[in-house]
Every structure is written in C-alpha cells, then in structure tokens.
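Below is one structure; the comments refer to it alone.
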RNA sequence: GGCCUGUUGGUGAAGUGGUUAAACACACCGCCCUUUCACGGCGGCAUACAUGGGUUCAAAUCCCGUACAGGUCACCA
C-alpha cells in the first residue's frame, strides 16, 4: 500500500514553527517511503476562518519545498480538500454509526450541560457527558426528530475495558475506556467536529500514517474506536513531541519570533529553517546536522524521533542559517540583505556602494536583516566606543599613528581600497608599528569598534572626507 | 483534580544492561591563522543521566514510588 500522509491545518492565519515542523515530518515520512504528501484544510469551524489563510499556508510550505502531491490548490483524486466541502459524507457516516449502535442522538441543551459541568466542577472531577440521551426510546427519538428539535450525534464509548495502540514514537499507549467521553461527532449545525471529520477524511483519503502533535496521544483511542466500528484499518500513528519556547512554554501564535513568515521576512532562508526544525526532536544516526530536504528525506526515520519536548533556540537556528548564507551567490546575498538596508537608510542612487557594503559581510551574517546590526557606522558618525576601546587608545604610540595615517589619507589621490592599504602600509613603516597596535587605533577611531569588517574596505566605503573627520575627533 | 506523556550540561542531542568513569553540535571562553577584523582550524569550559527505592555480578539504560514539567478533559481545531 502506498504511504500517504497529510498536513491538516485549520485556516486561522499564522503558521508558527511548531506547525511547520509537523508538516516537515509528515512530508518526510511520506517521501521517505516514496509516498504522497497531502494538504487538507480543516475548516469546519466557520467562525474561525481567516481570509487568505489557505494561500498563506500553501505559500509557506511551498517556500519550504514541501510541495503537496494533492491539496486545495493543485487538486487530486481524493478531493475536495476543504472539509467544508465534504459535508455530505460526514452526516451519512454519523447516521450509519447510530444504526450500528455505536453512536446516538443527543438532544440535551446548553442549559442541562452547563448544569452537569457545574456539578462536576463542584465535585472537582472532570466533566463527562452522562449518557442521558443514550437511554432514549426509539419513539422518543422519533418524536423529537419530527419536532425538529436540535440535536447532536455522540459517539457511544464502551464503559469497560481498556483501549490501546502502538505509537511509533511513544510505544504502547493504554487508556481505560471509562475515561473516554461520549464525544460529539456531529454538531447541531450539521457540521462534523474535528475529531470525527478527521477520521472520516483520513480514511477516505487513504491516509496511512497519522503524524501530529502529542496533544492527541490520549484521545487517539477514541479515533481508533471509530475506525474499528466501521471495520476500517487503523492508521499508523506518529505523535510528535511539542516544541516549546525558551521559557519552556508552548509556542503560541503570539510568539512572533516563532512565526515562519516573520523569520522569512527577517531574511532567514527556508531551507535553513527546515533543516533546523527537522533537528528539533529528531537526530540522524551519524550525528550530521546540515541536511538538504533531499538528504533529510533519505535519512529520516520516525524511530529516531525523541519523546521529550524540544525548546526552540534561535541561536542554533542562526548557526544553521549562517551556514546556508555562506553558500549563497553574491547575487542572492545582495537580494537578501540590500532591501533591509534600503528600508532603514536613504541610499538613493548608491547602488554600487551598497553592493560593496553588504558584500563586505558576505561570510559573517546569521540572517538577512542581520546586516543592520553591522552597518550603522557607515551611516552615522556617532560612535560609542566601549571602555575597552578607550583603554586601547591610551597607549603612547596612538597619537602618532593616527596623525601619520591622517596625513597618508590626505595624500591619497585615487580613492581605492588599494591606495588605502598603501596608506596603512606607509603608516606602519613611518611609525614602526604593526599588528594590533597599528590597526586597532585606526579601527576604533574610524568605526568605533574593535571587531568589524576588513579595515581598508571599511575606510573605502566611509569615504575620504568622513574618514578624515573621524580621525580628527 | 482525573487521565496521558516526559525528565542526559544554558540549548539541541548520542546512548536501549557491560571498553559511555557519558559522544557530537550550538552558545560561551582561549589559542592558531589573518600586518587588523571576520571566515576557518584547534582546544577548553560546563556540579549533565530529576529523586528515592528495587532487579542484576553490572543500570542513564529494566521495575516501582516521589517530585517537577507539559498535554488533555468544548457543539475549537
């Protein structure tokens, strides 16, 4: 049987890295087995629907290389891929379940349920529907139905025994049936609940591996009971450990730093994000950490997924991303960084200069907008040298070095990196200094920092006039 | 609160009863390279197997308890 996995987000807007990671693992399991990766939109809650969210989701996973074999945008043989367009089938299946005695009509209204909930709260126990309507007679049901009384359909859970299943990551999970609630399958508006639609769709779409966050670990037996009732084969389950933020809290959509699009806009590379995310909860056998999507596909195995939750650490992301940044062509690098500079500074008509500027940092940036953390000295002469810098300038040779260099700069006729290098060389010979003692004072006076880009290039970009001005100060 | 799951250094992790008196990577620090800086190379750091009991000749690895953390208990998905 062909392996098929699906990414089934609800169209509510943002997509944080936790969602993305699920999609990555789903994609990897499918492709590792030469299978298909499907995108399905879970939009049964019409009130939460967000305009444009589907395009947004598609755009995100596509940027990451997770091209769905089937989905709402590109179609497929198992459509429609919007749950809201599959309504006809859910109701039929729910009614079939009622006929089989595995589900029942429930007419309880909000008032009664609230009362039960309150009682449960007072007794400090978990609220569970009491199965009141399960005992309705056929006549009572017919009468209520004929009266058009609103109803839901609930799953009839067994009250005794234990349900268990094998999860590829967590092993055997056992839950006693008495803890399973008679959950609602079909809502009174005729829409299915997520839990129900999920099972029906996964079956109809012939999904073989259900890969999702481990928040479903304990409710999976309910899903299995549904598969069993219909006589369908259960899928293989792969529950993923959660991704937490640095405080150990669950990633939320509020956490902007953890949103894929925000990272993308900051100039992180999709392939680097994918690479990093794959490493969150999974490791390769040989300890390798840099993987293209193809290599990941080849090496991936759900058996090597970790059980413990992983913390999303932007520092490691930065490292992975910088790795990919170094492999960029000059053209790509410029495209990634220059827009950030343009956005912050007025650099109208200085295209060549800009190019030279950003390329100075070709091998030292973590992400695109990281360029802004490095170029301030080229736009402002308000340098704030650190204590360490000022200390360095106190050495007795410093005034002479600076004055000599100032003269050398003054004498330059053709302003180029070469002529500036020559000026440094001359200063070295005249003052009889070299190394740090020669470079640092110049660097500090001109850029205000001790760790920066190549000095001659820096001076070239800053310009003769400005350089002299800074040396004067 | 019930149920489910987890707990190896700051972070990601290797490890599934015995050359692991615990790899590797990020971060951090130092050295080398670079006449400077960065890149790169090398090295170091780190009270790391939550805790208490067992089982065993032998436990991070198996079992039980405890603690802590997360998840879940909707006509949300």
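Residue numbers (the numbering used here): 1 to 473. From the three backbone atoms N, C-alpha and C, an ideal C-beta is built for every residue, glycine too. This one's a predicted model, so the numbers in the text were calculated from it and none came from an experiment.
Using only alpha-carbon positions, find the residue among 223, 240, 238 and 239 that is nearest to residue 232. It is 223 whose Cα lies nearest to the Cα of residue 232.
Please report the residue range of the alpha helix (DSSP H) in which residue 18 lies. Note, residue 18: alpha helix (DSSP H), 17 to 32.
Taking DSSP as the reference, what is the three-state secondary structure of residue 5? Correct three-state label for residue 5: strand.
Residue 259 in three-state terms, based on DSSP: In the structure shown, the three-state DSSP call for residue 259 is strand.
Report the rounded CA-to-CA distance for residue 343 versus residue 381, giving the unit in angstroms. Distance between the alpha carbons of residue 343 and residue 381 is about 20 Å.
Quick one: grab the DSSP three-state call for residue 477. Residue 477 is absent from the structure shown; the chain starts at 1 and stops at 473.
Would residue 27 be called buried (16 or more neighbouring beta carbons within 10 Å of its own) or exposed? Around the beta carbon of residue 27, 16 or more other beta carbons sit within 10 angstroms, so the residue counts as buried.
Straight-line Cα distance separating residue 72 from residue 454: Going from the Cα of residue 454 to the Cα of residue 72 covers about 51 Å.
Would the stretch 227 to 244 and the stretch 199 to 208 be scored as touching if the rule is three or more Cβ pairs under 8 Å? Contact annotation: the stretch 227 to 244 touches the stretch 199 to 208, with at least three C-beta pairs closer than 8 Å.
Is DSSP giving residue 165 helix, strand or coil here? Shown here, residue 165 sits in a strand according to DSSP, grouped into three states.
For the stretch 359 to 367 against the stretch 413 to 423, are there 3 or more C-beta pairs whose distance is under 8 Å? Contact check between the stretch 359 to 367 and the stretch 413 to 423: fewer than three CB pairs, one atom from each, fall below 8 Å, which does not count as touching.
Give every residue of the same chain whose Cβ lies closer than 7 Å to the Cβ of residue 302, excluding the five residues on either side of it in the sequence, and list them in chain order. Closer than 7 Å at Cβ, skipping near neighbours: 29, 168, 169 and 238.
Start and end residues, beta strand (DSSP E) containing residue 456: Per DSSP, residue 456 is not a residue of any beta strand (DSSP E); the alpha helix (DSSP H) it occupies stretches across 455 to 462.
Is residue 156 helix, strand or coil by DSSP? If DSSP states are grouped into helix, strand and coil, residue 156 belongs with coil.
Supposed contact pair residue 241 and residue 209 - C-beta distance, whole angstroms, cut 8 Å: About 17 Å separates the two Cβ atoms, so there is no contact after all.
Alpha-carbon to alpha-carbon, residue 277 and residue 89: Rounded to the nearest angstrom, the two C-alpha atoms are 36 Å apart.
Tell me the rounded alpha-carbon separation between residue 68 and residue 39. If I take the Cα positions, the gap works out to 6 Å.
I need the DSSP call for residue 423, collapsed to helix, strand or coil. Helix.
Buried or exposed: residue 162, going by 16 or more other Cβ atoms within 10 Å of its Cβ? Residue burial is scored here from C-beta neighbours: residue 162 has fewer than 16 other C-beta atoms within 10 angstroms and is therefore classed as exposed.
When you compare the CB positions of residue 57 and residue 83, do they come within less than 8 Å of one another, or not? Cβ distance not < 8 Å, so residue 57 and residue 83 don't count as in contact.
Just the Cα atoms here: how many angstroms apart are residue 261 and residue 406? Taking the straight line joining both Cα atoms gives about 47 Å.
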